[in-house]
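Number of protein chains: 2
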Amino acid sequence: MPGTQPKEAMNPKLIAAAYIDTWNEGDARKRGLLFDEHWTNDARYEDPLMQGEGVGAIGALADAVRERFPDFRFQLRGDANGHGRYVRLAWSLGPAGQVAPIEGSDVIELHNGRISRVIGFIDRAPTA
Amino acid sequence: MPGTQPKEAMNPKLIAAAYIDTWNEGDARKRGLLFDEHWTNDARYEDPLMQGEGVGAIGALADAVRERFPDFRFQLRGDANGHGRYVRLAWSLGPAGQVAPIEGSDVIELHNGRISRVIGFIDRAPTA
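Here the protein sequences come in this chain order: Z and D.
Residues in the first sequence are numbered consecutively from 60, following this note's numbering.
Residues in the second sequence are numbered consecutively from 60, following this note's numbering.
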């Protein structure tokens with residue numbers, strides 16, 4: 060719906076960067092600041108492996124990823140893009156400086172410029 | 060949300076095929092049957108170029124594509140996949156049997172097994 064939220068469509072790269080930063084932030088206080096600034100409080104996250112509703116639940120998912128893969132970091136693959144109130148981005152998850160074993164693509168829906176919903180997909184994962 | 064709509068997660072390829080068939084169907088009556096079977100009446104469609112709410116509006120978008128590119132057909136690229144109530148698929152649009160000049164990727168949300176929302180993205184398009 061062009062025109063209703065023009066500002067959001069203009070910054071898919073900023074939104075994507077804030078989104079990845081949130082997943083990578085291990086300090087709960089700093090992550091809380093990222094949630095406050097860039098997410099709605101009732102944001103929903105759904106991918107094939109994990110679901111969470113509310114930034115508290117989503118923070119717990121990030122903690123679970125960090126606990127399972129302590130040395131892994133999320134990184135953007137390519138350029139994020141978007142239209143209207145949607146942003147899409149591709150990411151990798153792996154050890155810093157090495158080939159990332161896990162890749163995915165997420166679609167973010169914004170509400171008043173904040174991340175209110177994420178639909179995530181896995182593009183590549185170890186079969187073992 | 061695993062378990063709530065397991066049937067939908069099982070058939071992303073069928074949903075994707077019905078979705079592409081709907082875009083390709085030039086006969087209004089046959090397209091109406093596809094809408095009745097596979098879409099909710101109030102389905103929403105949004106991509107960077109077109110938006111429509113309701114199957115009537117979405118049918119008009121399909122007519123507009125056909126009018127602009129009479130010899131083009133939509134084709135699936137790769138395998139559709141999905142989880143929960145979401146399906147994602149990649150498509151191409153071009154003349155039958157030739158390299159397609161336009162490619163995109165869409166995320167479909169289902170409601171009771173029917174297409175209720177589409178978020179579309181363009182992956183490749185002529186710059187001219």
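Note that CB positions come from ideal geometry on N, CA and C, so glycine has one too.
Put residue i into one of helix, strand or coil per three-state DSSP.
i: residue 124 of chain Z; result: helix
i: residue 66 of chain D; result: Its pLDDT being 45, under 50, residue 66 of chain D is placed unreliably by the model, and nothing is read from it.
i: residue 119 of chain D; result: helix
i: residue 60 of chain D; result: For residue 60 of chain D, the predicted model reports a pLDDT of 42, less than 50, meaning its position is unreliable; a value from the coordinates is still stated below. Three-state DSSP puts residue 60 of chain D in coil, outside helix and strand.
Checking the sheet assignment: what are the DSSP bridge partners for residue i?
i: residue 164 of chain Z; result: Z:149, Z:180
i: residue 111 of chain Z; result: Z:104
i: residue 174 of chain D; result: D:98, D:169
At 7 Å on the CB atoms, spell out the chain D contacts of residue i, in chain order.
i: residue 107 of chain Z; result: 142
i: residue 178 of chain Z; result: 145, 166
Can you tell me where the beta strand (DSSP E) with residue i in it begins and where it stops?
i: residue 140 of chain Z; result: 131-142
Let's see if you can read the secondary structure: which residues bound the alpha helix (DSSP H) around residue i?
i: residue 155 of chain Z; result: Note, residue 155 of chain Z: premise wrong, no alpha helix (DSSP H); not H, not E.
i: residue 83 of chain Z; result: 71-83
i: residue 95 of chain Z; result: 87-97
Got a sec: is the Cβ-Cβ distance from residue i to anything in chain B below 9 Å?
i: residue 110 of chain D; result: Protein chains in the displayed structure are Z and D, and chain B is not among them.
The stretch 121-136 of chain Z contacting the stretch 73-93 of chain D, beta-carbon criterion three pairs below 8 Å
Touching, no, given that fewer than three Cβ pairs across the two stretches are closer than 8 Å.
Check whether the stretch 108-116 of chain D touches the stretch 136-147 of chain D, taking contact to mean three or more Cβ pairs, one atom from each stretch, closer than 8 Å.
Touching, no, given that fewer than three Cβ pairs across the two stretches are closer than 8 Å.
Take every Cβ of the stretch 87-101 of chain Z, pair it with every Cβ of the stretch 157-168 of chain Z, and state whether three or more of those distances are shorter than 8 Å.
They do not touch, by the three-pair rule.
Assess, as a yes-or-no matter, whether the stretch 150-157 of chain Z is touched by the stretch 167-177 of chain D under the definition of 3 or more beta carbon pairs within less than 8 Å.
The stretch 167-177 of chain D makes no contact with the stretch 150-157 of chain Z; the number of CB pairs closer than 8 Å stays below 3.
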